[in-house]
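Novice:
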Amino acid sequence: MGGGGGGRGRSRTQRKHFKQSRENVWKRPKSDPSSEDNNNNNNNNNNGNDNRDPHWQPFATQNPAFDEYYKGQGIVSEEEWDSFMEVLRKPLPAAFRINSSSQFCDDIRSQLENEFMKSLQSEVTNGEEDAIRPLPWYPENLAWHSNFSRMQLRKNQTLEKFHEFLKLENEIGNITRQEAVSMVPPLFLDVCPDHFVLDSKQFTVH
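Numbered by our numbering, the letters in the sequence shown go through residues 1161 to 1366 in order.
What follows is the structure in structure tokens.
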């Protein structure tokens, strides 16, 4: 009897100490040296076999096998091939859609039109381009195009407010970050009130 009770007591004590010693790594400051030490230790434990670069690297856009295959399909003429590949290698522009079913739809559109369109324009290297703009073919200025790449949004401090705005509104469902081409099909679907849409596009046509 006594031995069993002692075991339960030790178990409770161990759980208590375990909870007290646990560290919430998500709340640790980014500059916490212990975090860097752990990363260095992990790298040292790899015995030099890990050659990964911790810095962001652009995606590779050159692939001889890809070029050879699609050139053989005759998709475009020989004269147009270089121009065709140049377009394919350009990064897709960032785009997002305001969800019309959100109660904050008008507020978000107003903030984009009256605040961000003006404040972000200074960050565009080509003065003839708009920093952000509504897609002209999408109704009611509910879909937007950004001339900033995802890397620019993450790295540029001036764009930080806009980046945080996009992340927050996306997380709570007020906007959807989506390629512009994915917004096209619902516009031609001609959905009627008595139809059922079993697809994520139902949010677009709401």
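Positions of the beta carbon are idealized from the N, C-alpha and C atoms, including for glycine.
1) From Asp-1227 to Val-1357, what distance separates their C-alpha atoms?
2) With a cut-off of 8 Å, do at least 3 Cβ pairs link the region 1315-1326 to the region 1234-1251?
3) Any Cβ of chain D within less than 8 Å of the Cβ of Val-1357?
4) Quick check on Arg-1257: buried or exposed, where buried means 16 or more other Cβ atoms within 10 Å of its Cβ?
5) Where does Ile-1335 fall in DSSP's three states?
6) Counting only the same chain and skipping the five closest in sequence on each side, list residues whose C-beta sits under 7 Å from that of Cys-1352.
7) Identify the residues that DSSP records as bridge partners of Pro-1294: which are they?
8) Which residue from Tyr-1298, Gln-1263 and Gln-1281 puts its Cα closest to that of Asp-1290?
9) Could you compute how far the alpha carbon of Asp-1266 sits from the alpha carbon of Phe-1244?
10) In terms of residue numbering, what span does the beta strand (DSSP E) encompassing Phe-1256 cover?
11) From what residue to what residue does the alpha helix (DSSP H) around Ile-1268 run?
12) How is the alpha helix (DSSP H) around Val-1247 delimited, first residue to last?
13) Do you know whose CA, among Glu-1246, Glu-1300 and Phe-1348, lies nearest Leu-1272's CA?
14) Buried or exposed: where does Ser-1306 fall if 16 or more other Cβ atoms within 10 Å of its Cβ makes it buried?
Specialist: According to the structure shown:
1) By 1-based counting over the sequence shown, the position of residue 1227 is 67. By 1-based counting over the sequence shown, the position of residue 1357 is 197. In a straight line, the C-alpha of Asp-1227 is about 38 Å away from that of Val-1357.
2) no
3) Of the protein chains in the structure, only one exists, and it is not chain D.
4) Locating residue 1257 in the sequence shown gives position 97, counting from the first residue. Per the 10 Å Cβ criterion, buried.
5) Residue 1335 sits at position 175 when you count from the first residue of the sequence shown. In the structure shown, Ile-1335 sits in a strand (DSSP, three-state: E or B).
6) To locate residue 1352, count along the sequence shown from 1; it is residue 192. Taken in chain order, the list of residues that qualify is empty.
7) On the sequence shown, position 134 is the one that residue 1294 refers to. Answer is Trp-1304.
8) Along the sequence shown, read from residue 1 onward, the residue named residue 1290 stands at position 130. Answer by Cα proximity: Gln-1281.
9) Along the sequence shown, read from residue 1 onward, the residue named residue 1266 stands at position 106. Along the sequence shown, read from residue 1 onward, the residue named residue 1244 stands at position 84. If I take the Cα positions, the gap works out to 39 Å.
10) Taking the first residue of the sequence shown as position 1, residue 1256 is located at position 96. From DSSP, the beta strand (DSSP E) with Phe-1256 extends over 1254-1258.
11) Translated into the one-based positions of the sequence shown, residue 1268 becomes position 108. 1265-1271 is the span of the alpha helix (DSSP H), which, as asked, contains Ile-1268.
12) Walking along the sequence shown from the start, residue 1247 turns up at place 87. Where Val-1247 is concerned, the enclosing alpha helix (DSSP H) stretches over 1241-1248.
13) Working through the sequence shown from its first residue, we reach residue 1272 at position 112. Closest option to Leu-1272, Cα to Cα, is Glu-1300.
14) Counting from one through the sequence shown, the residue named residue 1306 turns up at place 146. With 16 or more Cβ atoms within 10 Å of its Cβ, Ser-1306 is classed as buried.
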